Every structure is written in structure tokens, then in C-alpha cells.
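Residue numbers (the working numbering), protein chains in the order written: chain U, 11 to 131; chain P, 349 to 846.
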């Protein structure tokens, strides 16, 4: 059973890991919208493809996270990339084969793939 | 060239939204309790258990002005106060996750994106009213939500946020999932509790209200998922914070599932008091293909249609009721000029007739008779007297039905009659469907653009089209089933729908 002190410790540690504490680390977080709506639109293969690509490229600072609904049904499957000190990048209507390009150019190369971003629909 | 926007938060879709219930959805990993904790998860529970008395918790919710998000809009704090006032050593907290309105998916998204927030809120509710056991009644059709909630419950138990002596206090609380089989009536609170008890899901007479005599005859607080999702932020940020959002009588935000004839379908959370026009034109990005807005349907089968002249009304509980609709659980379906309002009313009545549990006669027989009137109208067989009789029947059903299902079932008919009566009259008097939807009233006619290519003749599934090559064809309306295939495939726009 956790005490309030332990709760606060977990909070502090996780906030550092998620770059919420004002300090920055080099973690890159890739959130894949995996609610029922996303799954129906084919987000599971996208999620697996990202996991595979990150492993292939040996990107240890990248975490692929499943998340809930991002809100915009028509753009599913949606993926968001968050990095400390940079604007969040939202990719839309992804297919599994687009994971390779995003992993290589963005997650490894630091350059968002403009072909898939939300403003380019 | 302007720079291409890379971020969802900067789109028009997100800019006008204000996220409270959905704050963590799409942000955290719902299967990781630590991520919820990072976003201040379980802090509200810790605060309630160590700093506040049950009465203070109830007072905070009361002061915030929070009202039930399931649609009825009953003040949540008042409901909790009724349950707290009951002297009984067994009380229950229930969550209504039996989201039944066609096209609504707000609760599902919260459960799938942020299940811990529901657990935290229900544990707080248990502390506030003195309950040790909670139940989440959730549809079996939501397997992902059920799975994530179950994982979350297991994690919360492991951390001791559910169980005995939470955070070292005297408060003990346990949570279990109960699966519903998808009957619409089980979203009604008394039917829901009857179903949890293991009986056939049928409503019972109120009063006594659940807060006095609810689940297993014990005082019970039953709230919707979205209502619970508001509880932790209110306790953390204070009653004044919620009061600062919304209109005079409706505080905070509301989540809507935006669908129908709209460019940006999706899940939107707006501050109360936002106008429908903002939701449809700015957040929703308007109506596709340059079509004209006709009506917005809120409240699902219990609600009504709001026409264009009321688009600037600020959305809150009381304004929507005044317009003959209701907030409902949050379905918002946009309709354009191609939607027939009689057909829409028929769709919802077909639904409520099927879903009526049959316990009380006004609902069981009334909805059946109401649907018969609507079918007569869409087939062009009704008289003007039928319209009047139908309207009277609506009032009987509303007044005499036992539960909310029957009491609100006529709303789709009444609101379309109120705002689109001329459309009903066109069906009855002129035997036409202005929107071109009601098949019995349609006819397909070949015009002079026909070059006699015979494509339609070959594709017609019932051989209703005759005509020689290079001669104008003819459609036999006696045989025609009005499937519209001929019109869709004609390359010369030679077929008109009338």
C-alpha cells in the first residue's frame, strides 16, 4: 500500500521522465491513438511497425506509447511525437509502412516528415 | 507559402475546445498508473481523505455547480448530499457507463483513455457518502474499455488506492465491473440497478430515488462517467475554478460526439455557453460539399432537432430544453438539406420502439403506434388529422410513461413537428418528400439528355427500364424499387429524382 509520500515520489520521478518538470531530458515519446476508433482505423499495425522500426534503429531514447482517443476521428490512425523543447508533431492517417520513414527521418534524424503532418491534409 | 502546421493543438478543431474530462485522454498511457500519477492522478483522493470531511467534499461539489453529464443535468452535489444524509451502514456508488445513444462515444473514450480518473472519482464519492463498494456498469460492446478499466482496477488495488484503509485513513473502497448486454433501457438509473442486481433490466417507480433506496434497496449514488471525470479536477482546483466556466446555471464543460454531415467528425469538449454555430462552423469545420445546414440533433433518441434560426443559442442544459431538445449524454448529429426530418424522427422512433422494455403500456404500445403514424406519413398515406392525432399521442406518452425512455421518446417527433411542420405537410398534402429521401414518394424519370446507351437498362436489378439502343429510355414506376442505381451510373445526368 502506497503512502502519500510514495505517491508524490512516483509523481516527481514520472514528471521528470515525461519532461513535465521544467528540466529536460532527451526522451522522445511517440503516442499512438489506440482507442476503439483508432484500432478500427488500423492503428495496431502502425503501433507495431513503430516498435519494430525503433528496435531496428536502436533508438533507446524513444518510447512508443499506446494512448486513448486523440479526438479527430477522420484523421485516424493518429500519432504524436513529443520531445522536450520542441513543438509536438501530430501525424495523421498513417499506414504501417509510413512508420519507417518517420522513424528514420524524424525519430533518428530530428526532422519531421512534413508529408504526413496534420496541416498537410 | 505559409508554414504547414504540425501540431493538433493549433488546429481550429482544438483551439476553441476546453478539456477537463478529456484532459488526459490521448496524452497518457491508460494502462500505466504511474503516468496518471504524473498528471496529478490520485492527488485529489489523497487530499479528500486527509484534509476534508465527507461533508466538505460534498460541499465542494455542490459549490462548483457541477450537474449530471449523462443528460438529465441534476446537481451532482445535491445527489451526493441526499445519499450522505441517509443513515445506513451499507451504501453504494455506481457508474453509468452504459452509453446507449446511437453515435455517442464520450464515455467510451474517457474509459479507454483515462480509466484511473474514474476509479479515483468513485473512491472519492464512496468516501463522501460513506460507501465501501462501487460498481461500474459498462456495455459488453466496449471490450477495449472493459479491458483497460480492469487493468486499471488491478493496478489501483496493488497501489492500495482501492481496498482497505486507503492512504492510511479509515476509508475502505472496492470496485467491480458489471457488464451490460446493450439494452438501451439499462442506461436509465433504476433499470441499470435492477440489472446489476441480476434481474431483467426494467425501470421501477421513483420515488424512492436511488439516493434513498437504490441498489439492493440501499442508498446509492449513480453518476455518469463524464460526471465522475470532473470530480478529481474540481477537488484539486477548487469549486471556484469550475464556477468560472460556463453559463449562469450550467458550469464547466461538456463533451460532444460530433457526427453527421460535418467536416471534422470527432470528440469535442467545449465550455458550456459556447454556441452551436461555433461548434459546427469553427470546431467542426462546416458542412461538406457546400451544402446548407438544416438542423443539429442533440440528445440522441431522447432529444430533438435544433434548426438554423437557433444556431446562436449558447449551449447549456436549460437552453436546449427550452428549444425542445436536451443536452443528453452528448451526441451531436449535424444534418444538411439532404436529410428528411420525418425520416429522422422515424429512425429514432424505430430505435426507441425496439428498445422499449415493455413494462409500461404508454411506452410499449405508444411508441409502436407513433412509429405507425410516421410510416404512414413517409408512405404518403396519412391525412392531416393523423398529424394532429400523432401530436396528441406524443403528449400522452410523455405524461404517462414510467421512465425516462418513454417520457422522452416523442421528443424527436415533437421537435421536428415544431420546426419543420411544412415538411410533414408536404408528405401528407402533396405526397412529396422535399429532401428526396422517402422512397415511396419518389419517382425516377428519364429526361431528354438520354442518348440510349442502355447502361441503366442493363444495371437495373428489377428490369424496370425499357428502351432501344440510341433511343430515350423509360422507367416503369410500377416495377421500380427506387434503389437509385440508374441515376448513380448514368454518365449523362439523364435521370431525375422527383
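All C-beta atoms, glycine included, are put in the ideal place defined by N, C-alpha and C.
Bear in mind that the values here come from a model prediction, so they are computed numbers and not experimental data.
Spatial neighbours of residue i in its chain, beta-carbon cut-off 7 Å, leaving aside the 5 residues before and after
{"i": "residue 640/P", "result": "684 and 685"}
{"i": "residue 842/P", "result": "794, 795, 797 and 798"}
{"i": "residue 591/P", "result": "412, 413 and 599"}
{"i": "residue 119/U", "result": "none"}
{"i": "residue 418/P", "result": "444, 572, 575 and 677"}
{"i": "residue 625/P", "result": "659 and 660"}
{"i": "residue 83/U", "result": "47"}
{"i": "residue 595/P", "result": "620, 621, 662 and 664"}
{"i": "residue 501/P", "result": "467, 510 and 523"}
{"i": "residue 739/P", "result": "765"}
{"i": "residue 77/U", "result": "41, 42, 43 and 44"}
{"i": "residue 424/P", "result": "409, 414, 415, 416, 571 and 575"}
{"i": "residue 717/P", "result": "741"}
{"i": "residue 130/U", "result": "124"}
Minimum C-alpha distance to residue i - residue among the options
{"i": "residue 62/U", "options": "74/U, 53/U and 45/U", "result": "74/U"}
{"i": "residue 107/U", "options": "120/U, 17/U, 53/U and 31/U", "result": "53/U"}
{"i": "residue 737/P", "options": "644/P, 762/P, 502/P and 757/P", "result": "762/P"}
{"i": "residue 60/U", "options": "36/U, 33/U and 90/U", "result": "90/U"}
{"i": "residue 373/P", "options": "674/P, 454/P, 671/P and 701/P", "result": "454/P"}
{"i": "residue 522/P", "options": "378/P, 503/P and 356/P", "result": "503/P"}
{"i": "residue 774/P", "options": "760/P, 766/P and 789/P", "result": "789/P"}
{"i": "residue 102/U", "options": "126/U, 28/U and 36/U", "result": "126/U"}
{"i": "residue 756/P", "options": "770/P, 647/P and 819/P", "result": "647/P"}
{"i": "residue 439/P", "options": "776/P, 749/P and 560/P", "result": "560/P"}
{"i": "residue 791/P", "options": "760/P, 824/P, 806/P and 811/P", "result": "824/P"}
{"i": "residue 399/P", "options": "584/P, 351/P and 481/P", "result": "584/P"}
{"i": "residue 811/P", "options": "649/P, 473/P, 628/P and 827/P", "result": "827/P"}
Cβ-based neighbour list, residue i, same chain, cut-off 8 Å, excluding 5 preceding and 5 following
{"i": "residue 366/P", "result": "593, 601, 617, 618 and 619"}
{"i": "residue 542/P", "result": "548, 549, 550, 551 and 552"}
{"i": "residue 422/P", "result": "415 and 416"}
{"i": "residue 533/P", "result": "539, 549, 550, 551, 703, 704, 705, 751 and 753"}
{"i": "residue 358/P", "result": "none"}
{"i": "residue 526/P", "result": "483, 484, 485, 486, 543 and 544"}
{"i": "residue 724/P", "result": "730 and 734"}
{"i": "residue 95/U", "result": "34"}
{"i": "residue 819/P", "result": "800"}
Pair within 8 Å by beta-carbon distance, residue i and residue j
{"i": "residue 87/U", "j": "residue 51/U", "result": "yes"}
{"i": "residue 117/U", "j": "residue 42/U", "result": "no"}
{"i": "residue 745/P", "j": "residue 711/P", "result": "yes"}
{"i": "residue 529/P", "j": "residue 493/P", "result": "no"}
{"i": "residue 607/P", "j": "residue 664/P", "result": "no"}
{"i": "residue 93/U", "j": "residue 38/U", "result": "yes"}
{"i": "residue 475/P", "j": "residue 396/P", "result": "yes"}
{"i": "residue 800/P", "j": "residue 815/P", "result": "yes"}
{"i": "residue 99/U", "j": "residue 355/P", "result": "yes"}
{"i": "residue 386/P", "j": "residue 515/P", "result": "no"}
{"i": "residue 580/P", "j": "residue 611/P", "result": "no"}
{"i": "residue 715/P", "j": "residue 701/P", "result": "yes"}
{"i": "residue 384/P", "j": "residue 12/U", "result": "no"}
{"i": "residue 689/P", "j": "residue 771/P", "result": "yes"}
{"i": "residue 834/P", "j": "residue 808/P", "result": "yes"}
{"i": "residue 20/U", "j": "residue 836/P", "result": "no"}
{"i": "residue 390/P", "j": "residue 67/U", "result": "no"}
{"i": "residue 760/P", "j": "residue 829/P", "result": "no"}
Proximal residues to residue i (C-beta, below 6 Å), its chain only, five neighbours per side dropped
{"i": "residue 597/P", "result": "666"}
{"i": "residue 512/P", "result": "520"}
{"i": "residue 349/P", "result": "Any reading at residue 349/P is ruled out, since the residue's pLDDT is 48, under 50, leaving its predicted position unreliable."}
{"i": "residue 645/P", "result": "653 and 681"}
{"i": "residue 361/P", "result": "612 and 631"}
{"i": "residue 748/P", "result": "710"}
{"i": "residue 813/P", "result": "804, 805, 821 and 823"}
Contact test: residue i Cβ vs the ligand MN heavy atom, cutoff 7 Å
{"i": "residue 37/U", "result": "The model on display carries no ligand, and the ligand MN is accordingly not part of it."}
For residue j and residue i, believed in contact at Cβ under 8 Å, the rounded distance
{"i": "residue 461/P", "j": "residue 79/U", "result": "5 Å"}
{"i": "residue 369/P", "j": "residue 577/P", "result": "4 Å"}
{"i": "residue 128/U", "j": "residue 85/U", "result": "7 Å"}
{"i": "residue 699/P", "j": "residue 649/P", "result": "5 Å"}
Residue i at chain A interface by Cβ criterion, 8 Å
{"i": "residue 377/P", "result": "The structure shown contains no chain A; the protein chains it does contain are U and P."}
*Contact the region 419-433 of chain P vs the region 394-409 of chain P: 3+ CB pairs below 8 Å*: yes
*asked:* Under 8 Å, with one C-beta from each stretch per pair, do the region 491-504 of chain P and the region 445-465 of chain P reach the 3-pair mark?
replied: yes
*Are the region 554-574 of chain P and the region 718-733 of chain P in contact at 8 Å, needing three or more beta carbon pairs?*
no
*Quick one: any contact between the region 674-682 of chain P and the region 449-461 of chain P, if contact means 3 or more CB pairs under 8 Å?*
yes
*Are the region 556-571 of chain P and the region 773-788 of chain P touching by the rule of at least three beta carbon pairs closer than 8 Å?*
no
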